[in-house]
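Worksheet for the structure shown next.
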Amino acid sequence: MIKYRQDIDGLRSLAILPVLFFHLGAIRLFPGGFVGVDVFFVISGYLITKIIYDDLSNERYSIARFYERRIRRIVPALIPVYLFVCVGALLLYFPSEGREIGRTVVSSIFFVSNILFYAKSGYFDAGAKTSPLLHTWSLSVEEQFYIVLPLLLVLILRFGFAVQRYVFVALTIISFVASVVMVRLQPEAAFYLLPFRAWELMLGSLISIGVVPAIRSRPLAEIVAGGGLLLIIGSILLISEKMPFPGLLAAPACLGAAALIHAGAGFQTLSTRLLSLAPARFVGLISYSLYIWHWPVIVFYASRTGELDKADKLILLAIITALAILSWRFVERPFRKPHGADSRMGPVYGWAVGSFVAVTALALLIAPARKAIWPDYAVPEQILAFQTPPRAAMRNGTCFIASGSGAQDYDAAQCLSLRAGARNVLLIGDSHAAHLYAGLTKAFPDVHFLQANASGCMPLGRFAGPERCTQVISKAFDFAAAHGKQLDGVIISARWKKGDARRIGDTIARIGSAVPVTIVGPSVEYRLPLPKILAQAWPDQSGGSSASFRGEPGPGLDKAMRVAVERAGARYISMEEAICPGGTCRVWAGQHIPLQFDEGHLTTQASHLIVAQIAPQFRFR
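The number in my numbering is simply the position in the sequence shown, starting from 1, with 348 added.
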């Protein structure tokens, strides 16, 4: 039986609290709060590997008993969450949304939700971001690991410890290197899929089976534990979601967690004593319930209110904490251990299967039940259908490279080719440039538009980040500088942010004075996808409720960008003025056609409409 360690419960609190506050919107305080999940992975890898390894070594391992313990540990608390999500989807969501939520419930029940979210992931996937069960991807990764781990241990335990050590170290290194590579090539795969996360769990495994030598002196234990604590805190404070993750950036938090666990195995250090304090232990005890309850509560609340203010966050924190305490006290604890002398496995498996079947049936009934109780859903569903991004209109996969694709997918021969006898204009930028392409080609049928667009890649200064940024965007600027006399214009557009105005002058100067440059300003953005806002407000067609969901950037950035661009000698076009004439933002591009298909990108119809409006302002030769 594994020895209970108070400091590990305290470490769980250090993992869950940053995640909770990060998801509540305290990003300025905890910009890297999401690394708490990585700390959980290391803890889980340590504990579960130790249980399996010790049982196998002592010839008492039973795979049936192992999974019975897993069921007792995770399933009872999950069932109420699934029921809550199903009921919430039935009451708050449209049938098509309920159908998608039902799919995530089923995928979570079978612990493959990480694969589902990976398959749905992409730059424009607003649905995954607002899925009430998005957070279950990490549970799926863990359970998949626990399917592979026993098989691996059974295979290698017949060999000596040296072989066992080399196998675990080799697999950890392979997974880590694969994660580092995939973060640049396909970040969604690196984030969601087990092969690229396994190294985090296996760091815990390396400690639990004794690959890392035990610490023999207190001073060294103090240094290791203190360093581990600083690595975790530093990751929480210094890493942000804009950085490529996991890969290398996940290593400090994972190594920090491993260091604390390892140092605490032999000595009670200052760091482990802090983690063993009663408040930290209590938060650690309820950490699982905190984790599984916090995200659906936040998502359901925010789906009706948009941005959370301070009062909202305090209310949500109180609700989530209360639910977690109740779940821990009345669900987790009673189910975790057999009652009395009854240690039969049959009833546990029977209960789990019955619960899963019932919840699966309920999840699949969400959409038809929603249609039955609310038949007037046709127009809202028509509006919601515009949440599908117009990939062909943006030339996604050839001239516009979204996340999930690499620089090798960019077709330079097609997208950066000059056409003899025509006016040639180059469109550079991220997805907020790509959404202009359909409108530009319609408004200027005699112009040949070259296109170099990559999602999340700011056309400013050094082109850091994934290869689609360092190659696609940089290549476009080099092309513009080299072919200035052959180009009749360059259009630069992006999802501009605060501070970009200071750097835009150098960007314009990089192209040179041989070609006219037009900068298109920041688009209007919302805190929820505009189709969802409009569908929720239906039959009100005024769009009045959308104003309360208005997000950043605002008119202030638009003005700052104009001043900086015109000072640099380029033409500036304000999307703020085009979309919000007189300060009131239009939200429709046609009957039941939203202006934007997500929080900020124009639909194809809106691209035609807005670009036709601003066409006279473009500066071509």
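Beta carbons: idealized from backbone N, C-alpha and C, even for Gly.
Alpha helix (DSSP H) segments (min. 4 residues) lying fully within the segment 553 to 614: With a minimum length of 4 residues, the continuous alpha helix (DSSP H) runs that stay inside the segment 553 to 614 are 566 to 586 and 595 to 614.
Nearest candidate by alpha-carbon position, reference glycine 508, set Glu491, Phe945, Ala605 and Ser405: Reading the sequence shown from its first residue, position 160 is the one you call residue 508. With distances taken between Cα atoms, glycine 508 lies closest to Ser405.
For proline 535, the three-state DSSP class (helix, strand or coil): Residue mapping note: residue 535 aligns to position 187 of the sequence shown, counting from 1. In the structure shown, proline 535 sits in a helix (DSSP, three-state: H, G or I).
Stretch pair the segment 375 to 392 + the segment 596 to 605: three plus CB contacts closer than 8 angstroms: Segments in contact, yes.
Alpha-carbon to alpha-carbon, alanine 782 and alanine 791: Here residue 791 corresponds to residue number 443 of the sequence shown, with the count starting at 1. Here residue 782 corresponds to residue number 434 of the sequence shown, with the count starting at 1. Straight-line Cα distance between these residues: approximately 15 angstroms.
8 angstroms contact criterion, which aspartate 443 and tyrosine 725 should meet: CB distance rounded: Your numbering for residue 443 matches position 95 in the sequence shown. Your numbering for residue 725 matches position 377 in the sequence shown. Checking the sequence shown, residue 443 turns out to be proline, not aspartate. Contact holds; Cβ gap of about 6 angstroms.
Spatial neighbours of serine 619 in its chain, beta-carbon cut-off 6 angstroms, leaving aside the 5 residues before and after: The residue labelled residue 619 in the question sits at position 271 within the sequence shown. In its chain, beyond the 5 residues on either side, Ala573, Gly574 and Leu577 have a beta carbon closer than 6 angstroms to the beta carbon of serine 619.
The segment 423 to 436 contacting the segment 586 to 593, beta-carbon criterion three pairs below 8 angstroms: Verdict: no, contact absent.
Backbone CA spacing between glutamine 965 and lysine 823 [nearest angstrom]: Translated into positions along the sequence shown, residue 965 becomes position 617. Translated into positions along the sequence shown, residue 823 becomes position 475. Straight across, the Cα-Cα distance linking glutamine 965 with lysine 823 is about 27 angstroms.
Extent of the continuous alpha helix (DSSP H) run through arginine 767: In the sequence shown, residue 767 corresponds to position 419, counting from 1. No residue range can be given for arginine 767, since it is assigned to no alpha helix (DSSP H) and is classified by DSSP as neither H nor E.
Under the three-state DSSP convention, the category valine 397 falls into: As a first step, residue 397 must be located in the sequence shown, where it is residue number 49. For the record, residue 397 in the displayed sequence is threonine; it is not valine. Threonine 397: helix per DSSP, three-state reduction.
Spatial neighbours of alanine 628 in its chain, beta-carbon cut-off 8 angstroms, leaving aside the 5 residues before and after: For the purposes of this step, residue 628 is taken as the residue at position 280 of the sequence shown. These residues qualify, in order along the chain: Asp357, Gly358, Ser361, Leu362 and Leu622.
Cβ contact check for the segment 559 to 574 and the segment 533 to 548: 3 or more pairs under 8 angstroms: Too few Cβ pairs lie closer than 8 angstroms, so no.
Three-way DSSP call (helix, strand, coil) for threonine 484 in this model: Counting from 1 along the sequence shown, the entry for residue 484 is found at position 136. It is helical.
Nonlocal neighbours in the same chain, by C-beta distance under 6 angstroms from alanine 828, ignoring five residues either side: Here residue 828 refers to the residue found at position 480 when the sequence shown is read from its first residue. Only Leu774, Val838 and Ile859 meet the Cβ criterion.
The segment 606 to 614 contacting the segment 552 to 563, beta-carbon criterion three pairs below 8 angstroms: Yes: the two stretches touch, three or more of their Cβ pairs being nearer than 8 angstroms.
Residue range of the unbroken beta strand (DSSP E) whose run includes serine 624: As a position in the sequence shown, residue 624 is number 276, starting the count at 1. Run containing serine 624: none; DSSP gives neither H nor E here.
Beta-carbon spacing of glycine 869, tyrosine 785 below 8 angstroms: Working through the sequence shown from its first residue, we reach residue 869 at position 521. Working through the sequence shown from its first residue, we reach residue 785 at position 437. No; because the gap between Cβ atoms is not below 8 angstroms, this pair is not in contact.
Where glutamine 944 sits in the DSSP three-state scheme: On the sequence shown, residue 944 is found 596 positions in, with the first residue counted as 1. It is a strand residue.
For histidine 700, the nearest candidate out of Leu368, Ile427 and Leu878 (CA to CA): Looking up residue 700 in the sequence shown gives position 352. Note on residue identity: the sequence assigns alanine, not histidine, to residue 700. The candidate whose alpha carbon is nearest that of alanine 700 is Ile427.
Distance, valine 367 Cα to tyrosine 441 Cα: Within the sequence shown, residue 441 is the residue found at index 93, counting from 1. Within the sequence shown, residue 367 is the residue found at index 19, counting from 1. If I take the Cα positions, the gap works out to 26 angstroms.
Within 8 angstroms, strictly: CB atoms of aspartate 836 and arginine 771: One-based indexing of the sequence shown puts residue 836 at position 488. One-based indexing of the sequence shown puts residue 771 at position 423. The answer is yes: Cβ separation under 8 angstroms.
Helix, strand or coil at valine 707 according to DSSP, with G and I counted as helix: Working through the sequence shown from its first residue, we reach residue 707 at position 359. Valine 707 falls in the helix class under three-state DSSP.
Whole-angstrom distance between glycine 904 and glycine 381, CA atom to CA atom: Sequence index remark: in the sequence shown, residue 381 carries index 33 (1-based). Sequence index remark: in the sequence shown, residue 904 carries index 556 (1-based). Each residue's alpha carbon lies about 29 angstroms from the other.
8 angstroms contact criterion, which isoleucine 749 and histidine 940 should meet: CB distance rounded: As a working note, residue 749 is residue 401 in the sequence shown. As a working note, residue 940 is residue 592 in the sequence shown. About 31 angstroms separates the two Cβ atoms, so there is no contact after all.
Distance between leucine 503 and serine 896 (C-alpha atoms, nearest Å): Locating residue 896 in the sequence shown gives position 548, where the first residue counts as 1. Locating residue 503 in the sequence shown gives position 155, where the first residue counts as 1. Straight-line Cα distance between these residues: approximately 59 angstroms.
Three-state class that DSSP yields for valine 795 in the structure shown: As a position in the sequence shown, residue 795 is number 447, starting the count at 1. In the structure shown, valine 795 sits in a strand (DSSP, three-state: E or B).
Glycine 777 burial status per 10 Å Cβ neighbour count (16 or more: buried): Taking the sequence shown and counting its residues from 1, one reaches residue 777 at position 429. Under the 10 Å beta carbon count, glycine 777 is surrounded by 16 or more other beta carbons and is classified as buried.
Segment limits, beta strand (DSSP E) that includes alanine 937: On the sequence shown, residue 937 is found 589 positions in, with the first residue counted as 1. Counted as a single uninterrupted DSSP element, the beta strand (DSSP E) harbouring alanine 937 occupies residues 936 to 938.
Glycine 847, enclosing alpha helix (DSSP H) - first and last residue: As a first step, residue 847 must be located in the sequence shown, where it is residue number 499. Judged by DSSP secondary structure, glycine 847 falls outside any alpha helix (DSSP H); it is assigned neither H nor E.
Coil, strand or helix - valine 511 by DSSP: For the purposes of this step, residue 511 is taken as the residue at position 163 of the sequence shown. DSSP places valine 511 in helix when its eight states are reduced to three.
Tyrosine 636 in three-state terms, based on DSSP: The sequence position of residue 636 within the sequence shown is 288, counting from 1. In the structure shown, tyrosine 636 falls within a helical segment according to DSSP collapsed to helix, strand and coil.
Stretch-stretch touch, CB-based, cutoff 8 angstroms, three pairs: the segment 451 to 459 with the segment 661 to 673: In short, these stretches do not touch, since the Cβ pair count stays below three.
Delimiting residues of the alpha helix (DSSP H) encompassing serine 779: For the purposes of this step, residue 779 is taken as the residue at position 431 of the sequence shown. Element bounds for serine 779: 779 to 782.
For valine 865, the first and last residue of its enclosing beta strand (DSSP E): As a working mapping, residue 865 is identified with position 517 in the sequence shown. Element bounds for valine 865: 865 to 868.
6 angstroms Cβ shell around arginine 447 - same chain, five flanking residues per side excluded: In the sequence shown, residue 447 corresponds to position 99, counting from 1. Beyond the five residues adjoining it in sequence on each side, arginine 447 comes within less than 6 angstroms, by CB distance, of Ala715 in the same chain, given in chain order.
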